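In the numbering used here, the protein residues as written are 135 to 370.
Think of the CB as a built atom: it goes at the ideal place given N, C-alpha and C, for glycine as much as any other residue.
All values reported here derive from a predicted model rather than from experimental measurement.
The structure appears below as structure tokens.
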């Protein structure tokens, strides 16, 4: 097994480790769960940055990640007056579909980190990085072996919109689960129902926002990125 394949396996295991750690903390009722699981989420990010560095990326490979991360972060800041109505999830999905799972993860993680320079950092930051990174990763993984990207973008955008709706709910579920296990003691079905119920309006708002932002950007941005990749020889 070469080093590249090993790093890829470690990436997948690190993604799985985070929810496993959260479940174990809930099951064992470990104190300081919020901090402990935040550290686990932060450690899960490391393999992605290590693998990207190991690939010795050229500036042309780095530029799309930097630009999309910046656009997502700025978009989150601009829409700060509108709780949960943000373009970040949509941009993570487009990044993953256009440039692959690793790029999608890095865009989501960096967007959360950069925008929290404005909103404020906290133990929630690694979880936001993980959640948005996971969405970008899943977008790249799900669509890289499916229909050709051009056909998916032009003829079947509803598939991407449906994934966007799911992703917004997934993001809310991940953050709500961390809040539940980290800050509610003891964790009971009643407490879980109340917390998830309180978070549902925000998740639904983000779901609407994701679809709203995907509708005008999926096709034109997809075409632009395809042209960009061909022109500069960027591998997906």
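Using a C-beta cutoff of 8 Å, does residue 309 count as contacting chain B? In the displayed structure, chain B is absent; only one protein chain is listed.
Could you pull out every residue in the same chain whose Cβ sits closer than 6 Å to the Cβ of residue 275, ignoring the five residues on either side in sequence? Annotation for residue 275: 235 place their beta carbon closer than 6 Å to its own, counting only its chain and skipping 5 residues before and after.
List the endpoints of the continuous alpha helix (DSSP H) containing residue 274. Unbroken alpha helix (DSSP H) run through residue 274: 259 to 277.
Nearest neighbour of residue 360, chosen from 181, 161, 151 and 233 [CA to CA]: Ranking 181, 161, 151 and 233 by Cα distance to residue 360 puts 233 first.
Out of curiosity, what's the CA-to-CA distance linking residue 346 and residue 260? Using only the alpha carbons, I get a separation of about 26 Å.
Buried or exposed: which applies to residue 182, given that a residue is buried once 16 or more other Cβ atoms fall within 10 Å of its Cβ? Residue 182 comes out buried.
Taking the alpha-carbon positions, what's the residue 210 to residue 295 distance? Computed Cα separation, rounded: 20 Å.
Residue 147, buried or exposed, once every other Cβ within 10 Å from all chains shown has been counted against 16: Label assigned to residue 147: exposed.
Could you give the distance in angstroms between the alpha-carbon of residue 142 and the alpha-carbon of residue 189? Those two C-alpha atoms are separated by around 12 Å.
Can you tell me where the alpha helix (DSSP H) holding residue 196 begins and where it ends? DSSP places residue 196 inside the alpha helix (DSSP H), whose first and last residues are 193 to 212.
Given 8 Å as the limit, is there contact between the region 333 to 343 and the region 305 to 320, that is, 3 or more CB pairs closer than that? In this structure the region 333 to 343 touches the region 305 to 320; the number of beta carbon pairs closer than 8 Å is three or more.
Out of curiosity, what's the CA-to-CA distance linking residue 278 and residue 230? For the pair residue 278 and residue 230, the Cα-to-Cα distance works out to about 9 Å.
Determine contact between the region 157 to 175 and the region 200 to 209, defined as no fewer than three beta-carbon pairs at a distance below 8 Å. No, they do not touch.
Contact belief for residue 223 with residue 344 at Cβ below 8 Å, rounded distance in angstroms: About 4 Å; that satisfies the 8 Å criterion.
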